[in-house]
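K.L.:
According to our numbering, the sequence shown is numbered sequentially starting from 1.
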Amino acid sequence: MYEPTKKDKFAFGLWTVGNRGADPFGPVVRPRMDPPEIVSRLGELGVWGVSFHDNDLVPLGASPKERDAIVARFRKALAASDVTVSMATVNLFSHPVFRDGAFTAPSFDVRRYALQKTMAAIDLGVELGAKIFVLWGGREGSESDAGKDAVEALKRYREGLNFLTHYVKDKKYTLRFALEAKPNEPRGDIYLSTNGSMLGFIETLDHPEIVGVNPEVAHETMAGLNFYHVVAQSIEAGKLFHIDLNAQKIGRYDQDLRFGSEDFKGAFYLVKLLEESGYAGPKHFDAHAYRTEDIEGVWQFAAGCMRTYKILQHKAALFARDKEIQALLKEQKPTPPYSRKTASAIAATRYDIDRLAAKGADYERLDQLVTDLLAGARGQTLSAS
Ligand code: GLT
Ligand code: MN
Ligand code: MN
Numbered sequence: 001m002y003e004p005t006k007k008d009k010f011a012f013g014l015w016t017v018g019n020r021g022a023d024p025f026g027p028v029v030r031p032r033m034d035p036p037e038i039v040s041r042l043g044e045l046g047v048w049g050v051s052f053h054d055n056d057l058v059p060l061g062a063s064p065k066e067r068d069a070i071v072a073r074f075r076k077a078l079a080a081s082d083v084t085v086s087m088a089t090v091n092l093f094s095h096p097v098f099r100d101g102a103f104t105a106p107s108f109d110v111r112r113y114a115l116q117k118t119m120a121a122i123d124l125g126v127e128l129g130a131k132i133f134v135l136w137g138g139r140e141g142s143e144s145d146a147g148k149d150a151v152e153a154l155k156r157y158r159e160g161l162n163f164l165t166h167y168v169k170d171k172k173y174t175l176r177f178a179l180e181a182k183p184n185e186p187r188g189d190i191y192l193s194t195n196g197s198m199l200g201f202i203e204t205l206d207h208p209e210i211v212g213v214n215p216e217v218a219h220e221t222m223a224g225l226n227f228y229h230v231v232a233q234s235i236e237a238g239k240l241f242h243i244d245l246n247a248q249k250i251g252r253y254d255q256d257l258r259f260g261s262e263d264f265k266g267a268f269y270l271v272k273l274l275e276e277s278g279y280a281g282p283k284h285f286d287a288h289a290y291r292t293e294d295i296e297g298v299w300q301f302a303a304g305c306m307r308t309y310k311i312l313q314h315k316a317a318l319f320a321r322d323k324e325i326q327a328l329l330k331e332q333k334p335t336p337p338y339s340r341k342t343a344s345a346i347a348a349t350r351y352d353i354d355r356l357a358a359k360g361a362d363y364e365r366l367d368q369l370v371t372d373l374l375a376g377a378r379g380q381t382l383s384a385s
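1) With a threshold of 16 other CB atoms inside 10 Å of the CB of Tyr157, please say whether the residue is buried or exposed.
2) Do Asp244 and ligand 1 come close, with the Cβ less than 7 Å from some heavy atom?
3) Quick one, which of Ala11, Gly147 and Asn162 has its alpha-carbon nearest Leu115's?
4) Where in the stretch 62-145 do unbroken runs of the beta strand (DSSP E), each at least 3 residues long, occur, reported from the N-terminal end onward?
5) Is it true that the CB of Pro215 sits closer than 8 Å to the CB of Ser387?
6) If contacts are defined as beta-carbon pairs under 8 Å, then Asp254 and Met222 qualify, I think. What distance do you get, rounded to the angstrom?
7) If you reduce the DSSP assignment to three classes, tell me which class Glu275 lands in.
8) Is any non-hydrogen atom of ligand 1 found closer than 7 Å to the C-beta of Thr104, if you look at the structure I gave you?
9) Do Asp256 and His284 come within 8 Å of each other at the CB atom, strictly closer than that value?
10) Closer than 7 Å to a non-hydrogen atom of ligand 2 - does that hold for the CB of Glu180?
11) When you compare only the Cα positions, how much space is there between Gln313 and Phe268?
12) Over what stretch of residues does the alpha helix (DSSP H) that includes His166 continue unbroken?
13) On a CA-only basis, which of Leu225, Lys265, Ile210 and Lys172 is nearest Asn195? Give me that one, please.
14) Using the Cβ count rule (16 or more neighbours within 10 Å means buried), how would you classify Leu60?
15) What did DSSP end up calling Ser385 once you bin it into helix, strand or coil?
16) Would you mind reading off the limits of the alpha helix (DSSP H) that contains Phe301?
17) Give the secondary structure of Phe264 by DSSP, where H, G and I count as helix, E and B as strand, and everything else as coil.
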């Protein structure tokens, strides 16, 4: 019942299950896995898609011949396992050349190199069938604002993104971009630090119609925000092109934990929202196994992300059919559109505000019913209510 199917569109990045457990205080603890090997294990688990940074697949500095051989092997593995490339992205953060940013770097040459690397990564992604290209500006930020004018940095950020959307249009690719925000780490502060900032920025671009967002649970939670609200705004704006699912304790470094392993209720409202909104994009897990785990633990982690999603999907269906819960939900009439007549009618009405204020919302009862539902203390089959 909780088995993943291709229809679920679950996806993992090569760097997620391929994460080797290094952290700032200690080295890698797990062996490297080859991308074709990862694809084959993902296929066995029922995963639909795989994503990658350019250099997760093709090492930096590979010759064109080596690149093509790697791509051919990878393509074979995808076909053999019936796994799709769900998204591609570019690594603009590992090499020291990007230590003061890529598109916002003060150096003209670094910015041009970032464009060169991104255009090649776009070509690679498109060649392998990607329809979404994520841009996460991990190094676009500062520790000290003495050195860089943030207004100028944003202008350069826009110039870079505009250049890339023009490139995609010129090449006649049907690729769309998804911008991913994060408040800090690896920079002290990252520009466009939240998904909301990204949504505002997108509207200032030359081609906003092909640019959306890729919000991540961990990143918005680091900023102390309600991820369900973040995703709701993205959906309402027609901008949820992609999503990075994981879990995070508030006030910590970017933990990228197994989906649903923290804030279970938050994860429930998120799944319910994704399912009921008709979101049709990839459900991408950008998370990794604990450093305590060996390779077997990694596959337990991956299966766990999907299993929890499926459990919560089932809980959302139970919520929709639960008579007691549904009876507590209030009808929400839309606010009338403005007309002089409606304005005068509203202005002339006497509202009994004491009566309106006196009535409680019943949210305590509702929230407890949801708690019971999630804890398994309430109707666990779809026919029960
Ligand atoms: C990096 C980051 C993620 C981004 C990836 C895409 S790379 O692991 O922490 O949140 O989604 O560049
Ligand atoms: Mn991410
Ligand atoms: Mn993260």
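Where a beta carbon is used, it is the ideal one built from N, C-alpha and C, also for glycine.
P.N.:
Here's the rundown:
1) To locate residue 157, count along the sequence shown from 1; it is residue 157. Taking all protein chains in view, the Cβ of Tyr157 is crowded by 16 or more other Cβ atoms within 10 Å, so the residue is classified as buried.
2) By one-based count along the sequence shown, residue 244 stands at place 244. Because some heavy atom of ligand 1 lies under 7 Å away, the Cβ of Asp244 counts as near it: yes.
3) Position 115 of the sequence shown, counting from 1, holds the residue named residue 115. The candidate whose alpha carbon is nearest that of Leu115 is Asn162.
4) 84-89 and 132-136
5) With the chain covering only 1 through 385, there is no way to say anything about residue 387.
6) By 1-based counting over the sequence shown, the position of residue 254 is 254. By 1-based counting over the sequence shown, the position of residue 222 is 222. Rounded, the Cβ-Cβ distance is 6 Å, consistent with contact.
7) On the sequence shown, residue 275 is found 275 positions in, with the first residue counted as 1. DSSP places Glu275 in helix when its eight states are reduced to three.
8) Taking the first residue of the sequence shown as 1, we reach residue 104 at position 104. In this structure, ligand 1 has no non-hydrogen atom nearer than 7 Å to the beta-carbon of Thr104.
9) Within the sequence shown, numbered from 1, the residue matching residue 284 stands at position 284. Within the sequence shown, numbered from 1, the residue matching residue 256 stands at position 256. Between His284 and Asp256, the gap from beta carbon to beta carbon reaches 8 Å or more.
10) The residue you call residue 180 lines up with position 180 of the sequence shown. Glu180: yes, Cβ under 7 Å from ligand 2.
11) Working through the sequence shown from its first residue, we reach residue 313 at position 313. Working through the sequence shown from its first residue, we reach residue 268 at position 268. Approximately 8 Å between the Cα atoms of the pair.
12) Numbered from its first residue, the sequence shown carries residue 166 at position 166. That run of the alpha helix (DSSP H) goes Ala150 to Asp170.
13) Start at 1 with the first residue of the sequence shown, and residue 195 comes out as number 195. For Asn195, the nearest C-alpha among the options comes from Leu225.
14) Taking the sequence shown and counting its residues from 1, one reaches residue 60 at position 60. Classification for Leu60: exposed.
15) Position 385 of the sequence shown holds residue 385. Annotation note: pLDDT 43 at Ser385 (below 50); position unreliable, coordinate value reported separately. If DSSP states are grouped into helix, strand and coil, Ser385 belongs with coil.
16) Translated into the one-based positions of the sequence shown, residue 301 becomes position 301. That run of the alpha helix (DSSP H) goes Ile295 to Arg321.
17) Working through the sequence shown from its first residue, we reach residue 264 at position 264. Helix at Phe264.
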